[in-house]
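K.L.:
Take this note's numbering: the final residue in the sequence shown is number 1473, and no numbers are missing along the way. Don't be surprised by glycine CBs; every beta carbon is placed ideally from N, CA and C. Please read all numbers here as calculations on a predicted model, not as lab measurements. Let me give you the structure first, and then I'll get to my questions.
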Amino acid sequence: MEYIKVEKDIWKMQDGTLFEGNINDVPKGNPSSIAKAGKEYSKEYLEFHGWGKKEEVKKSSKKKSASKKTIEDKAVKPEDVEDK
1390 MEYIKVEKDI
1400 WKMQDGTLFE
1410 GNINDVPKGN
1420 PSSIAKAGKE
1430 YSKEYLEFHG
1440 WGKKEEVKKS
1450 SKKKSASKKT
1460 IEDKAVKPED
1470 VEDK
């Protein structure tokens, strides 16, 4: 029997997908704990919960790219201002 030491917490979401990382970073609420970081688990146990499938695992280290917005010139042009 082969054992694997888990580096990050593994959480199972209600829809069946897995999430690796801190519970504070979980995108949806109410996950179930599958494995704790730093502990050893049997490979069969982790595969039973779907851990070996890379397409279902969401990593917490994904960085969101900031959307680049075009900067508008907010200066008021002299012809747009009416004299009072």
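Exposed or buried, what is Asp1398 when buried is set at 16 or more other beta-carbons lying within 10 Å of its beta-carbon?
P.N.:
Asp1398 should be labelled buried.
K.L.:
Excluding the five sequence neighbours on either side, which residues of its own chain have a C-beta within less than 6 Å of the C-beta of Ser1421, listed in chain order?
P.N.:
Taken in chain order, the residues that qualify are Lys1401.
K.L.:
Near Glu1444, what residues of its chain come up, given a Cβ to Cβ distance below 8 Å and the 5 sequence neighbours on each side ignored?
P.N.:
Note that Glu1444 scores 44 on pLDDT, short of 50, meaning its location in the model is unreliable; the coordinates nonetheless yield the value given after this. Once the five neighbours on either side are set aside, Glu1444 has no close Cβ partner at all.
K.L.:
Classify Phe1437: buried if its beta carbon has 16 or more other beta carbons within 10 angstroms, exposed otherwise.
P.N.:
Classification of Phe1437: exposed, given that the 10 Å Cβ count is below 16.
K.L.:
How far does the alpha helix (DSSP H) with Lys1428 in it extend, from its first residue to its last?
P.N.:
Segment: none, Lys1428 is in no alpha helix (DSSP H) and carries neither H nor E.
K.L.:
By DSSP, does Glu1436 sit in helix, in strand, or in coil?
P.N.:
In the structure shown, Glu1436 sits in a helix (DSSP, three-state: H, G or I).
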